[in-house]
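The C-terminal position of the sequence shown is numbered 1026 in the UniProt record's numbering, with every residue numbered one higher than the one before it. The beta-carbon is built from N, C-alpha and C at its ideal position, and this holds for glycine as well.
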Amino acid sequence: MIIKKITDNPNRNFFISASAGTGKTYTLTQYYMSILEKNKDSNIIDKILAVTFTNKAAGEMRERITESIYEKMNAAKTNKEYEYWNEVKISLSGAWIKTIDSFCSRILKDNNVLIGVDPNFTMISEFKKENEIERAVYYTLKVILETYENIDPDLINLSTDRKNNVEKILLEFKKDKEFKKIVKEFLKNEGIKKFEELLKEMVRNWRLEMKRAIVETMELSENGDLYTNFLKLLKNASYIASEFYESLTIDQFKYDFKGILEKTILTLENNNILKKYQNKFKYIIVDEYQDTNYLQKEIFDKLHHENNYLFYVGDRKQSIYRFRGADVSVFSKTENEFKNKNYIVESLNTNRRSNSEIVSYINKLSKDVLFEKNNIYMDDVESELFESICFKEIDECNYEIKENKNITPNLLKDDNKRIKYIYATPEKDNKELRVKKEAETIIKTIKNLLNKEMTFRKRKNGKIIFETRKIKPGDIALLLKQLSGYEEILKNEFQKNNIPYYIVGGKSFYYKPEVQAVFSALSAVQNPYNDYEFIKYMMSLIGGMTLNQLHTLIKNKKNSLFETFETIEFSSERLNRAYLVLKKYRNLRYYMKPTDILKGIIKETKYLVYLMALDNSESAISNVKKLITGSQQYDSIANTFSELVKLLKKSTEVDEKEAVLEDEKSNSVKIMTIHKSKGLEFPIVLLGGLHNKIDKKIIKNIDFSLPNSNGERYYLLKNVMKNTLNESSNYILKWFKNNDFLEKTETNRLIYVATTRAKEMLIPILINTKSNSYNNYFFNYKYDNIDKINEIDLKDIKINNKIEEIIFKDIPKNNLKNLKNLAYKQYIAPTYLINEPKESEEKFLKNIGISYKKYFKQSVFSDEELMFRGSQLHLKLQSAPSLIHLKKLIDKEKNRNYDYLPPKFDELNIVKKAFGKNEIVKTEWRLVKKIEINNKEYMLFGIPDRVLINNGNIEVIDYKFSDLLNKNKIKDYIFQLQFYMYLLKDFGYPKKGYILSIKETKEPIEVTYNNDIELEIINKIKKLQI
């Protein structure tokens, strides 16, 4: 058995192919636990690196491992065994279970002094990234065109090093006699817009790759030299754009996802740093390996050496994120490398997710359609890559158990299969009618399923048991290729038929009328004399102007409609109020922040009150509140209304998710894209949007070849001189056929992912079309064990089960008095009880949506400068992973007169102990403990600066930017340490705490744990009356 092979000896390199539903996470957890079992050293956790690609996956992995550790503790037969697993549980909070970007961030922060990176850098948002790319490309085009016109460009915004780099490239341009001709030809043939698009794509996706790219003269049918010169021009231009972009991001301590990876690769080129991490990590585990790319592979390859072990697990058939940079060829290449090195290559073949009928169906679909050689064949594709994508014996899965006497719901009379094809035929074959007909068919299918009995499989104590019950909305998921074109139609149909639903990642936010009304208000304030903007505002949901009122206004028009309005008496209070608010803020627009005016308009027009009259009032109000929240982040950068509108529109393009009322855990039908469903499973899956055309055109501006044996890559400008490229037979161009093959087979992998989400029943909705659509995967598949149903034969069942209101008539009134208090948990930190803010605890509260300042008297924030200086020194201490690093940091800053750690701070005994090698050390450990006082629930939480654990004994250090002379404050600090030690009781035996000044070097104040501290905490909370 594979699990036994893996767990018997974890000190080997494993490559595991895990088809959908075969227990990938379970296998990974067992491997992790086997490491802990074999080593019997709780410190081994710090030597295990486990990388995932989403926070959710990292959370699930940590959760599964935690559950397994608790099982070990409960099963322990000796005190020694129990103590070991308890120590492991404590150590797990600091485990290296991370997403690839958080892992890379940690490397950069741990080595910040050596590599010259500010440890307080942040990850830039997608919206801000796009904004900076736009600026960088603008500057790049400007300096190139100035050089073209013999003007010396101004590079004052760049650092000295970046300025020198750009000047070297510009000097090469000036020396190149062909430079002006090449620029002129490019602008003549392709235009400045194409130049801009290419540079944006290069900066966004290919910065490091462009620096490494090979540009070789290509023998094309014609103009080969010109095309090669275009490649060289764009490569050098991309260098300049990258310098500008990094000056706007990295030099401002901001990184995007790709920047973090690239900086990590460059950091690991430092041999001392590389050796440190090679020696640190004995085990390197990578989940979802099919979602990696060549940069990520390079990081793992660098970390691996003969004395540590790799454990890769994934499924090439589920690689569907090519549009995000994932490259399934990495999976295939790595698998071959493992085989050549005689590492262990295995596969998981028992599907533990799905009903036996579904498992058999997917086996045949994969073998005969999706990955069948003749179906996916393309000329000029490397044979090794082609074979790796084709169906293999290891892809065929066994089902875990053959069900007997299953109850399967009938949609008609005789259908009793778990796979049902529903055929729908619109009256006319056009896309709009197809989508409408499909939505109606989906609703009819769901209504015919709800409340019917079905046998479900459940897992109990590791074994399958069967449960027969009625189908609920929460059992059903609708998966679509895309939400665009479906979202509004589906929402209307679900609402009309009283079926609860939840759209995961809906993107119609910007187009909502309630949101558009706010945009129209901002535009009208900016220029009320523009008749179009004025009428758009007055006829929006804010003004509510009717067509008759508009006719009256136009009939009496003198000058602008804004000015005309004041000469006419309208009886509508709402209309007049909208006008007066507009008039007021038109005069104030030069004196107030745009975001404040936005909030003022919404409040003073009573906009939210009018929205309450809509059928979807809750959703509409939530959307407007989301817009208000979104606008607040632009206070510092939006100086005008047009800028605010532009920023808000741009941000909604990046994240257009509508505010939602249902959630993922509610008893509702889940609607999402197939991409969003990856990693999830649902009892009943409906597939929609299959009639959409498969786009065979690969829209790409830039393409990179797969790396050759030396790791080198060529690049092409796909949409430049296309005819010349298409007619050429140059051998280099054939290398790019591999990419075309991977792009086109992504669709096959997408269908595989969609069909393997189903646990109990799979229902594709099929509409025949003349075009090459996703339907063809199902129409061309000859399989007997399915039900084929015409939509017209389905009964149209009426559902009147609106969600019932909660009635309190049977509940005693006394039990309802504190109902409001039950709606939230009161979070209590020691800093709250002593009235002294702490930045790490402020961030914790912000992350859970609670205002920090409401906890404190305003006077506490009067000296924010001291608070800031203290928090800066806290961050520096966090960034130092060892005593050596701390010494270097102190030495480096000894000549500074501000924000430095005091001299000889590292010579204090407690500091040596805290930064030494022999302790389990936790920095900024987030601790939460529930407590009930007078029938109210409180969450005690705290984040001590440093916790030392040795054989279960716990000591706590808290840093203070203070000279520690104020006796009253010292009393508060002692209580704070006692509070932290009380929270740590669940993890061992609190012994001592230390109050340590980071303002000046002096011996710490030592505090012994008080066993009666709980009573003091309770009394303090009672006195506050919260």
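Proximity of residue i and residue j at Cβ, strictly below 8 Å
i      : j      : result
Asn351 : Cys397 : yes
Asp796 : Lys444 : yes
Arg353 : Glu681 : yes
Val286 : Tyr312 : yes
Asn336 : Glu382 : no
Thr334 : Phe15  : yes
Leu706 : Asn738 : yes
Tyr579 : Phe565 : yes
Ile257 : Thr122 : It is Phe, not Ile, that sits at residue 257 in the sequence shown. Taking 8 Å as the Cβ cut-off, Phe257 and Thr122 do not qualify as a contacting pair.
Pro903 : Lys999 : no
Phe915 : Ile954 : no
Tyr973 : Leu877 : no
Leu598 : Val515 : no
Leu687 : Leu479 : yes
Tyr731 : Ala213 : no
Phe456 : Pro683 : yes
Val669 : Ile476 : yes
Thr25  : Ile362 : no
Inter-residue CB distance, residue i and residue j (contact presumed, cutoff 8 Å)
i      : j      : result
Thr605 : Val624 : That pair is no contact at about 11 Å.
Lys676 : Val504 : 5 Å
Asp395 : Ser19  : 6 Å
Leu741 : Asp703 : Looking at the sequence shown, residue 741 is not Leu but Phe. Not quite, the Cβ-Cβ distance comes to about 12 Å (not below 8 Å), so this is no contact.
Tyr529 : Ser560 : 4 Å
Phe391 : Phe371 : 4 Å
Leu940 : Ile931 : 6 Å
Arg749 : Ile320 : 5 Å
Asn111 : Thr267 : 6 Å
Residue i, enclosing alpha helix (DSSP H) - first and last residue
i            : result
residue 1045 : Residue 1045 lies beyond the stretch modelled for the chain, which goes from 1 to 1026, so this question has no answer here.
Pro990       : Segment 989-997 is the beta strand (DSSP E) holding Pro990; no alpha helix (DSSP H) there.
Pro513       : 513-526
Ser91        : 79-92
Leu575       : 573-588
Val720       : From DSSP, Val720 is part of no alpha helix (DSSP H); its letter is neither H nor E.
Pro594       : 594-604
Thr292       : No alpha helix (DSSP H) contains Thr292, which DSSP labels as neither H nor E.
Gly259       : 257-267
Terminal residues of the beta strand (DSSP E) in which residue i lies
i            : result
Glu932       : 927-933
Arg946       : 946-950
Phe311       : 309-314
Ser17        : 14-18
Met939       : 936-942
residue 1028 : Coverage of the chain is limited to positions 1 through 1026, which leaves residue 1028 absent and any answer about it impossible.
Any C-beta of chain B under 8 Å from that of residue i
i      : result
Val117 : Annotation note: the requested chain B is absent from the structure, which comprises a single protein chain.
Self-check item: beta strand (DSSP E) segments (min. 3 residues) lying fully within the region 737-769
Solution: List check, beta strand (DSSP E) in window: 758-766.
Quiz item: Between the region 295-313 and the region 270-282, do three or more beta carbon pairs fall short of 8 Å?
Solution: Contact between the region 295-313 and the region 270-282 is present, because at least three Cβ pairs lie under 8 Å.
Exercise. Report yes or no: do the region 565-576 and the region 584-604 share at least 3 C-beta pairs separated by less than 8 Å?
Key: Verdict: no, contact absent.
Self-check item: Whole beta strand (DSSP E) elements within the region 335-376, 3-residue minimum
Solution: Taking only runs of at least 3 residues, the beta strand (DSSP E) segments lying wholly in the region 335-376 are 344-348.
Quiz item: Do the region 767-774 and the region 341-349 touch if we need at least three Cβ pairs shorter than 8 Å?
Solution: Too few Cβ pairs lie closer than 8 Å, so no.
Exercise. Mind listing, in chain order, the continuous alpha helix (DSSP H) runs of no fewer than 4 residues lying wholly within the region 369-449?
Key: Fully enclosed alpha helix (DSSP H) runs of 4 or longer: 373-376, 383-389, 431-449.
Quiz item: Using 8 Å as the Cβ pair cut-off and three pairs as the minimum, do the region 62-79 and the region 29-36 touch?
Solution: Touching, yes, given that three or more Cβ pairs across the two stretches are closer than 8 Å.
Quiz item: Given 8 Å as the limit, is there contact between the region 236-246 and the region 88-108, that is, 3 or more CB pairs closer than that?
Solution: No, the region 236-246 does not touch the region 88-108.
Exercise. May I ask you to verify whether the region 987-995 touches the region 968-978, counting CB pairs closer than 8 Å and requiring at least 3?
Key: Segments in contact, yes.
Practice problem: Say whether the region 231-243 touches the region 199-211, bearing in mind that this needs 3 or more beta-carbon pairs closer than 8 Å, one atom from each stretch. | Solution: With a cut-off of 8 Å, the region 199-211 and the region 231-243 count as touching, because enough Cβ pairs lie within range.
Self-check item: Contained alpha helix (DSSP H) runs [length at least 4] in the region 129-203, N- to C-terminal order
Solution: If we require 4 residues or more, the alpha helix (DSSP H) runs fully inside the region 129-203 come out as 160-175, 179-189.
Exercise. Assess, as a yes-or-no matter, whether the region 434-452 is touched by the region 706-725 under the definition of 3 or more beta carbon pairs within less than 8 Å.
Key: Taking a cut-off of 8 Å on C-beta distances, the region 706-725 does not touch the region 434-452, as fewer than three cross pairs fall below it.
Quiz item: Touch check for the region 257-273 and the region 151-162: three-plus C-beta pairs under 8 Å?
Solution: They do not touch, by the three-pair rule.
Exercise. Give a yes or no on contact between the region 785-792 and the region 411-425, applying the rule of three or more CB pairs nearer than 8 Å.
Key: Segments in contact, yes.
Practice problem: Tell me, please, whether the region 965-974 touches the region 924-935 by the rule of three or more beta-carbon pairs shorter than 8 Å. | Solution: Under the 8 Å Cβ criterion, the region 965-974 does not count as touching the region 924-935, having fewer than three qualifying pairs.
Quiz prompt | Given 8 Å, three or more beta-carbon pairs between the region 190-200 and the region 162-176 | solution = Below 8 Å, too few C-beta pairs join the region 190-200 and the region 162-176 to call them touching: fewer than three.
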